[in-house]
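*Asks:* My questions will all concern the structure given below.
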Amino acid sequence: MPHDLGTARGPSRYTVPAVFSRRPQPREIDLLHGTGISRRLADAGYSDVELRVSDRRLLITNTNLTDLKEGLAHLLGMILSEVSTQAARERSERAEELDALGLIEEQRLESIRQAAAEIHFD
344 MPHDLGTARG PSRYTVPAVF SRRPQPREID LLHGTGISRR LADAGYSDVE LRVSDRRLLI
404 TNTNLTDLKE GLAHLLGMIL SEVSTQAARE RSERAEELDA LGLIEEQRLE SIRQAAAEIH
464 FD
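The working numbering applies: residue 344 is where the sequence shown begins, and numbers increase by one.
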């Protein structure tokens with residue numbers, strides 16, 4: 344927070360850092376930095392607000408405590424929850440795809456083993 348916050352010379356808009364409870368995963372960061380989130384913020388009346396992730400912090404730029412108190416914090420909570428849910432769903436779907444590919448590969452190798460076992464050099 345700016346050192347002169349709350350003074351006559353203090354800025355009306357600034358960056359507010361919020362600490363994540365865990366390190367965000369790369370896909371979550373990609374989703375947070377995506378145009379869909381910017382559009383959603385703009386649609387809610389926060390067109391100047393931007394979200395950036397830095398290590399374990401979400402940097403909420405061009406905002407202030409009043410915006411956060413009057414609804415931005417709630418919106419960001421919903422966005423973070425949805426981003427986490429979407430990233431988890433994508434990970435699960437990818438894991439299922441990899442499992443299916445692994446099964447296909449296992450079947451292919453078994454087929455080759457069986458074909459090779461049928462060959463005899465008499």
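Just so it is clear, CB atoms sit at the ideal spot from N, CA and C, and this is done for glycine as well.
Assign Pro311 to buried or exposed, taking buried as 16 or more other Cβ atoms, counted over all protein chains shown, within 10 Å of its Cβ.
*Replies:* Not covered by the structure: residue 311. The range shown for the chain is 344 to 465.
*Asks:* For Gly420, which of Tyr357, Asn407, Leu375 and Glu440 has the nearest alpha-carbon?
*Replies:* It is Leu375 whose Cα lies nearest to the Cα of Gly420.
*Asks:* With H, G and I counted as helix, E and B as strand and the rest as coil, what does DSSP make of Thr404?
*Replies:* If DSSP states are grouped into helix, strand and coil, Thr404 belongs with the strands.
*Asks:* Check the C-beta distance from Thr406 over to Arg356 and give it rounded, since I have them as a contact under 8 Å.
*Replies:* With a Cβ gap of about 6 Å, Thr406 and Arg356 count as contacting.
*Asks:* Would you identify the three-state DSSP class for Leu394, choosing helix, strand or coil?
*Replies:* Strand at Leu394.
*Asks:* Three Cβ pairs or more, each shorter than 8 Å: is that satisfied between the stretch 380 to 399 and the stretch 432 to 444?
*Replies:* Counting Cβ pairs under 8 Å, fewer than three are found: no touch.
*Asks:* Grab me the residues of Pro367's own chain with a C-beta within less than 7 Å of its C-beta, minus the 5 sequence neighbours each way, in chain order.
*Replies:* Closer than 7 Å at the Cβ level, and outside the excluded window around Pro367, lie Val396.
*Asks:* Helix, strand or coil: how does DSSP classify Thr358 here?
*Replies:* It is a strand residue.
*Asks:* Tell me the DSSP secondary structure of Asp386 in three-state form.
*Replies:* It is helical.
*Asks:* Should Arg422 be labelled buried (16 or more other beta-carbon atoms within 10 Å of its own) or exposed?
*Replies:* Checking the sequence shown, residue 422 turns out to be Ile, not Arg. Buried, by the Cβ-count rule.
*Asks:* If you drop the 5 nearest sequence neighbours on each side, which residues of the same chain put their C-beta closer than 6 Å to that of Arg400?
*Replies:* Pro360 and Val362, listed in sequence order.
*Asks:* Note down the Cα distance separating Gln457 from Ala431, rounded to an integer number of angstroms.
*Replies:* So the two alpha carbons sit approximately 39 Å from each other.
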